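Visitor:
In our numbering, the protein residues as written are 34 to 113.
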(Lines of atoms letter the chains of each structure in order from A; the text may use other names.)
(Lines give C-alpha, C1' and ligand atoms only; values in the text may rest on other atoms or scores of the structure.)
Protein backbone atom coordinates (compact mmCIF):
# COMPACT_ATOMS: atom_id res chain seq x y z
CA UNK A 34 0.00 0.00 0.00
CA UNK A 35 1.23 3.46 -0.85
CA UNK A 36 1.78 5.86 2.04
CA UNK A 37 1.14 9.59 1.60
CA UNK A 38 2.70 11.92 4.19
CA UNK A 39 1.50 15.46 4.82
CA UNK A 40 4.21 17.36 6.71
CA UNK A 41 3.50 20.54 8.69
CA UNK A 42 6.03 23.26 7.85
CA UNK A 43 6.60 27.00 8.15
CA UNK A 44 5.81 28.58 4.80
CA UNK A 45 5.21 32.02 3.31
CA UNK A 46 4.98 33.84 6.64
CA UNK A 47 2.73 31.26 8.26
CA UNK A 48 2.21 27.50 8.40
CA UNK A 49 1.30 25.02 5.68
CA UNK A 50 1.17 21.34 4.98
CA UNK A 51 3.45 19.89 2.34
CA UNK A 52 3.05 16.79 0.19
CA UNK A 53 6.32 15.94 -1.56
CA UNK A 54 7.41 19.32 -2.99
CA UNK A 55 3.94 20.88 -3.07
CA UNK A 56 2.76 23.32 -0.39
CA UNK A 57 -0.78 24.11 0.66
CA UNK A 58 -1.91 27.66 1.16
CA UNK A 59 -0.34 29.41 4.16
CA UNK A 60 -2.36 29.40 7.39
CA UNK A 61 -1.91 31.97 10.18
CA UNK A 62 -1.03 29.35 12.79
CA UNK A 63 0.19 25.78 13.12
CA UNK A 64 -3.12 24.44 14.51
CA UNK A 65 -5.01 25.59 11.42
CA UNK A 66 -2.42 23.95 9.15
CA UNK A 67 -2.68 20.69 11.11
CA UNK A 68 -6.48 20.72 10.88
CA UNK A 69 -6.35 21.37 7.12
CA UNK A 70 -3.78 18.59 6.63
CA UNK A 71 -5.94 16.14 8.58
CA UNK A 72 -8.93 17.04 6.42
CA UNK A 73 -6.87 16.54 3.24
CA UNK A 74 -5.54 13.20 4.52
CA UNK A 75 -9.07 12.01 5.31
CA UNK A 76 -10.28 12.95 1.82
CA UNK A 77 -7.30 11.15 0.29
CA UNK A 78 -8.52 7.88 1.82
CA UNK A 79 -12.12 8.06 0.58
CA UNK A 80 -12.72 5.38 -1.99
CA UNK A 81 -14.74 5.79 -5.13
CA UNK A 82 -16.37 3.58 -7.71
CA UNK A 83 -14.47 1.08 -9.80
CA UNK A 84 -13.88 2.44 -13.29
CA UNK A 85 -12.65 1.21 -16.63
CA UNK A 86 -10.03 3.62 -17.94
CA UNK A 87 -8.31 3.98 -21.29
CA UNK A 88 -5.33 6.04 -22.35
CA UNK A 89 -3.01 6.43 -25.30
CA UNK A 90 0.74 6.18 -24.73
CA UNK A 91 3.48 8.17 -26.51
CA UNK A 92 3.69 5.53 -29.22
CA UNK A 93 0.01 5.92 -30.06
CA UNK A 94 -1.01 2.57 -28.54
CA UNK A 95 -4.20 2.44 -26.53
CA UNK A 96 -4.29 0.79 -23.11
CA UNK A 97 -7.36 -0.34 -21.19
CA UNK A 98 -7.29 -0.94 -17.45
CA UNK A 99 -9.59 -1.53 -14.54
CA UNK A 100 -9.14 0.99 -11.71
CA UNK A 101 -10.22 -0.26 -8.28
CA UNK A 102 -12.04 2.61 -6.55
CA UNK A 103 -11.18 1.17 -3.14
CA UNK A 104 -7.42 1.16 -3.77
CA UNK A 105 -6.50 4.23 -1.70
CA UNK A 106 -3.19 5.16 -0.09
CA UNK A 107 -2.56 5.35 3.62
CA UNK A 108 -2.48 9.09 4.41
CA UNK A 109 -0.85 10.46 7.57
CA UNK A 110 -0.01 13.88 9.00
CA UNK A 111 3.43 14.44 10.52
CA UNK A 112 3.62 17.43 12.84
CA UNK A 113 7.15 17.62 14.20
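A virtual CB, placed ideally from N, CA and C, is assigned to each residue, including glycine.
Keep in mind the model is a prediction, meaning the values are calculated, not measured.
Is the number of C-beta pairs between the stretch 42-49 and the stretch 62-77 that are closer than 8 Å three or more?
Guide: Short answer: they touch.
Visitor: So, does the CB of residue 62 fall closer than 7 Å to a CB anywhere in chain C?
Guide: Although the question refers to chain C, the structure presented lacks it and comprises just one protein chain.
Visitor: Within its chain, find whatever has a CB closer than 6 Å to the CB of residue 82; leave out the 5 residues flanking it on each side and keep chain order.
Guide: The residues are 102.
Visitor: Can you tell me whether residue 41 is buried or exposed, with buried defined as 16 or more other CB within 10 angstroms of its CB?
Guide: Buried.
Visitor: What runs of the alpha helix (DSSP H), each 4 residues or longer, lie entirely inside the stretch 47-77?
Guide: DSSP runs (the alpha helix (DSSP H)) wholly in the stretch 47-77: 63-77.
Visitor: Report the residue from 54, 86, 87, 109 whose alpha carbon sits nearest the alpha carbon of residue 75.
Guide: For residue 75, the nearest C-alpha among the options comes from 109.
Visitor: Do residue 86 and residue 73 have their C-beta atoms within less than 7 Å of each other?
Guide: Contact flag unset, no.
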